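Per the working numbering: the sequence shown = residues 154 to 408.
Notes follow the structure.
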Amino acid sequence: MAIAAHPDDIEFMMAGTLVLLKNQGYDIHYMNLSSGNCGSIETDVQTTARIRLEEAKNSTKVLGAGFHPPICNDFEIFYGIELLRKLTAVIRKVNPSVILTHSPSDYMEDHMSTSRLAVTAAFIRGVPNFHTECPAVSNDNCAVYHALPHGLLDPLRQQVIPEIFINTTTVQPIKRQALQAHKSQQNWLEDSQKMNSYIKAMEDFSLTIGKMSGRFEHAEGWRRHLHFGFSEPAFDPLSELEKFYLKNEAYSAVD
Ligand SMILES: [Zn+2]
């Protein structure tokens, strides 16, 4: 299950790994916490949210993922009880063994709050006294992986080094097609973030990460969350991707 802040975040940094998991036999799920209602210089909030909902649904068709609707708006992703309850209910329904989410340190608060909400919601999936629409599920193994931040940099401009590289070269055309479903974002990203082509920006990230791996052409990078409260210590389901999976020797984590 991929949990991101805005429609198109999954496509930028996570969709390749998600599709490889699907090819491995996993059911895959897609959720953006925000409607993306502020992501336009041309249309009002309601119209923008409606357009972006359609675009996100079209993307999930390309990816072959289950779609979960947003639960709030842009710049309203706060770490608090209302969103935590809603997200925990969805996680309990899906009961994922893998969660892909944002980096804990990233260029904007919506991404960082999403990461925190996803981590806590996964942590309390099995806590019966935390009440949501959906009752607690058993604490089966669940691994949480954090994507690389936007630009591969943290907010203080430090480069973030991945622990794991996933070779996305073979699924890059699907990733491209899924990102292309977010047609409304071309003008917005050009204006707000000076990206001349959002497709090229996504490919530049995956090529840079591929180069960092020293082995793959296109790649996505991941850091696995500490297992306490989530799984057995060595539970690392991305390693099932075998030939697509590479540990980064330069990353110092305790196994
Ligand atoms: Zn975003």
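All C-beta atoms in this analysis are idealised placements derived from N, C-alpha and C, irrespective of residue type, glycine included.
No experiment lies behind these values; they were computed from the predicted model shown.
For A158, the shortest separation between its Cβ and any heavy atom of ligand 1 lies below 7 Å. One thing to note: S291 has its Cβ no nearer than 8 Å to the Cβ of G304.
Counting only runs of at least 4 residues, the stretch 196 to 260 fully encloses the following alpha helix (DSSP H) elements, listed from N- to C-terminal order: 198 to 216 and 234 to 247. Counting along the chain, the unbroken alpha helix (DSSP H) around R329 starts and ends at Q325 to Q333. F276: member of the alpha helix (DSSP H) spanning E262 to F276, first to last residue. For G189, the number of other beta carbons within 10 angstroms of its own is at least 16, and it is reported as buried. As the crow flies, the alpha-carbon of G382 is around 20 Å from that of K239.
Going by C-alpha positions, F228 is about 27 Å away from I181.
The stretch 183 to 197 makes no contact with the stretch 302 to 320; the number of CB pairs closer than 8 Å stays below 3.
With distances taken between CA atoms, A168 lies nearest to V324 out of A354, E402, V324 and E395. The shortest CA-to-CA distance from Q330 to any of F165, Y232 and P302 is the one to F165.
The closest heavy atom of ligand 1 lies 7 Å or more from the beta carbon of D307. For the pair A372 and H284, the Cα-to-Cα distance works out to about 39 Å. In the three-state scheme derived from DSSP, where H, G and I count as helix and E and B as strand, G192 is classed as coil.
CA-CA distance, K353 to L379, rounds to 33 Å. Taking C-beta separations shorter than 6 Å and ignoring five residues to either side along the sequence, the partners of A157 in its chain run I163 and N185, following chain order. With a threshold of 7 Å, the Cβ atom of H335 does not count as near ligand 1, since no heavy atom of the ligand is closer than that. The C-alpha of R203 lies about 14 Å from the C-alpha of A334. Counted as a single uninterrupted DSSP element, the alpha helix (DSSP H) harbouring A168 occupies residues A168 to N176.
With respect to L399, F318 sits close: the two C-beta atoms are nearer than 8 Å.
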